[in-house]
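Peer 1:
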Amino acid sequence: MPPSAGPLRRASAWLRCHPGTVTVLGGLVVGAALIFGLWDKRDEFAAAFTRLSVVTLIAAVALQVLWLIARCEAWHRCVGAAGATVRRRRLFRAGAVGYLGNVFNPNFGVAVRIAALRRSAPAQSPKPSVLIAAEMPIIVIEIVLAALMSFTLIGPLGVPWYVPLAVLLFGGALFYAVTRFAGRSHAGMWTGLAVLKGLGSRNLIVGLVVAAVLMQAVRNFMILEGIGVEISFFDAIALLIATAAIGLLPVGPSLGATAAILILGSSGVAVVAAGGALLTATGAVGCIVFALWAGADRLRPSVRRESAVIAAAAAATSQA
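Okay, here's the thing in structure tokens:
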């Protein structure tokens, strides 16, 4: 970039080129702020961890694994409609690696998933631009669900009643526009929206995303209620929406505690921060369990032979 470029443009370019560094620095800053704010309540924070039963912890991890399966199946349907012929198990293994990256940053996780899929099955998966577009149906449905449940933010954040209504109208208009756009014939990257063309495939994706969202809401309710926080299921959904919104910022693993304080801080900052930390921890453990399955599955003899054949075919194609 020439020296004449303004400092804002240079800073913007640097942020785009170093997303990992930004995430680490952002996570450290937010984490340090949480430690500073909770230092006087550290005993209460530590005591909250002892209130959660082992059964609840295992259930929370299991729900995270089920969420990963539902999310990967939705992704499989989207890329399959876009022209991919990759097998489900191979795509799930790529998803396992990518969702592990979500612990640090959702955008980083998406990039890792796409890179892992392209590396493991270059001939059976679409171009990266198509895979990026194939994420849009899931994201749009999640936005619509968040808009539909945005009224849950009225109590915790004092949002005026007309704001959720406006958000709901926006979400409905967005879904209508995307489905109408997908219904037309498109080439290039927009083939990633093909899953929204048919009513059956569209309903299946909606069902998978709804199931995944409900699993996360139940996990929120289970953990926070288990450590003694007075929480309704609507509060659990509000926490889910806040987590998704704050997750767009580079806050790293401190995301759970930050979102919990924002939505449920009136119930006791130290306790809800502990609940948010437990949500992050159990989510990370669930991702690790899923990634361990992916690693073990990759070591199967039949998979290793298949990978060798795919690698040889890719090498022959590149030489030709």
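Residue numbers (the working numbering): 3 to 322. Backbone N, C-alpha and C fix where the C-beta goes; we use that ideal spot for every residue, glycine too. Remember, predicted model here, so these are calculated numbers, not experimental data.
My understanding is that ILE265 touches PRO158, with C-beta atoms under 8 Å, so please give their C-beta distance in whole angstroms.
Peer 2: Contact flag correct, Cβ pair sits at about 5 Å.
Peer 1: For LEU2 versus ALA240, is the C-beta spacing smaller than 8 Å?
Peer 2: Nothing can be reported for residue 2, as the shown portion of the chain is limited to 3 through 322.
Peer 1: Buried or exposed, going by whether 16 or more other CB atoms sit within 10 Å of the CB of THR245?
Peer 2: Result: buried.
Peer 1: How about ILE140 and VAL57: do their beta carbons lie closer than 8 Å?
Peer 2: In this structure, VAL57 does not lie closer than 8 Å to ILE140 by Cβ.
Peer 1: Measuring straight from C-alpha to C-alpha, what distance separates ARG121 and ALA262?
Peer 2: Using only the alpha carbons, I get a separation of about 37 Å.
Peer 1: Quick one: residues in its chain with C-beta nearer than 7 Å to the C-beta of LEU59, no 5 flanking neighbours on either side, listed in chain order?
Peer 2: THR284, listed in sequence order.
Peer 1: Tell me which same chain residues have a C-beta within less than 7 Å of the C-beta of VAL208, skipping the five on either side of it?
Peer 2: Hits under 7 Å: ILE143.
Peer 1: Output the residue ranges of the alpha helix (DSSP H) runs that lie fully inside the region 78-114 and measure 4 residues or longer, sorted by chain position.
Peer 2: Qualifying alpha helix (DSSP H) stretches, in chain order: 90-103.
Peer 1: On the criterion of 16 or more Cβ atoms from any shown chain inside 10 Å, does TRP69 qualify as buried, or is it exposed?
Peer 2: Burial call: buried.
Peer 1: Assuming LEU170 contacts THR181 under a Cβ cut-off of 8 Å, what Cβ separation, rounded to an integer in Å, is found between them?
Peer 2: So it is not a contact: roughly 17 Å between Cβ atoms.
Peer 1: May I have the straight-line CA-CA distance separating GLY200 from ALA76, to the nearest angstrom?
Peer 2: Looking at the two C-alpha atoms, the distance is approximately 15 Å.
Peer 1: Within this structure, are the beta carbons of PRO108 and GLY249 separated by less than 8 Å?
Peer 2: Going by C-beta atoms, PRO108 is nearer than 8 Å to GLY249.
Peer 1: Along the chain, which unbroken stretches of the alpha helix (DSSP H) at least 4 residues long are found entirely within the region 143-172?
Peer 2: Listed in chain order, the complete alpha helix (DSSP H) runs (minimum 4 residues) inside the region 143-172 are 156-159.
Peer 1: Can you list, in chain order, the residues of its chain whose CB lies under 8 Å from that of LEU150, leaving out five sequence neighbours each side?
Peer 2: Closer than 8 Å at the Cβ level, and outside the excluded window around LEU150, lie LEU170 and GLY173.
Peer 1: Is the separation between the beta-carbon of LEU133 and that of ILE116 shorter than 8 Å?
Peer 2: Contact: yes.
Peer 1: CA-CA distance, TYR178 and GLY202?
Peer 2: Approximately 16 Å between the Cα atoms of the pair.
Peer 1: Applying the 10 Å Cβ sphere with the 16-neighbour rule, what's the burial state of SER234?
Peer 2: Under this definition SER234 is an exposed residue.
Peer 1: Distance check for ARG90 and GLU227, CA to CA, integer angstroms please.
Peer 2: Going by the C-alpha atoms only, they are around 36 Å apart.
Peer 1: Would you check if the distance between the CB atom of ALA98 and the CB atom of TRP295 is smaller than 8 Å?
Peer 2: A contact, by the Cβ cut-off of 8 Å.
Peer 1: Can you tell me the Cβ-Cβ gap for ARG221 and LEU281, rounded? I've got them flagged as a contact below 8 Å.
Peer 2: The pair is a contact, with the Cβ atoms about 7 Å apart (cut-off 8 Å).
Peer 1: Which class does PRO128 belong to by DSSP, given the choice of helix, strand or coil?
Peer 2: Of the three classes helix, strand and coil, the one that applies to PRO128 here is coil, per DSSP.
Peer 1: Are the CB atoms of GLY254 and PHE106 nearer to each other than 8 Å?
Peer 2: Closer than 8 Å, so yes.
Peer 1: Answer with buried or exposed for PRO252, where buried requires no fewer than 16 other C-beta atoms within 10 angstroms of its C-beta.
Peer 2: It is buried - the Cβ of PRO252 has at least 16 other Cβ atoms within 10 Å.
Peer 1: Terminal residues of the continuous alpha helix (DSSP H) containing LEU264?
Peer 2: Counting along the chain, the alpha helix (DSSP H) containing LEU264 begins and ends at 257-266.
Peer 1: Note down, in chain order, each residue of its chain lying with its Cβ closer than 6 Å to the Cβ of ALA219, except the 5 sequence neighbours on either side.
Peer 2: Counting only Cβ-Cβ distances below 6 Å, and skipping sequence neighbours, we find ALA238, ILE239 and LEU242.
Peer 1: Counting only the same chain and skipping the five closest in sequence on each side, list residues whose C-beta sits under 6 Å from that of VAL88.
Peer 2: Excluding residues within five positions, the ones whose Cβ falls inside 6 Å are ALA123, GLN126 and SER127.
Peer 1: Go through its chain and collect everything with a Cβ distance to LYS43's Cβ below 6 Å, but skip five positions before and after it.
Peer 2: Answer for LYS43: ALA272, listed in chain order.
Peer 1: Count the other CB atoms, across all protein chains shown, that sit within 10 Å of the CB of ASN205; report buried if there are 16 or more and exposed otherwise.
Peer 2: The residue in question, ASN205, is exposed, as its Cβ has fewer than 16 Cβ neighbours within 10 Å.
Peer 1: Is the Cβ-Cβ distance between ALA286 and ALA259 less than 8 Å?
Peer 2: Not closer than 8 Å, so no.
Peer 1: Does the beta-carbon of ARG186 have 16 or more other beta-carbons within 10 angstroms, so that it is buried, or is it exposed?
Peer 2: Burial call: exposed.
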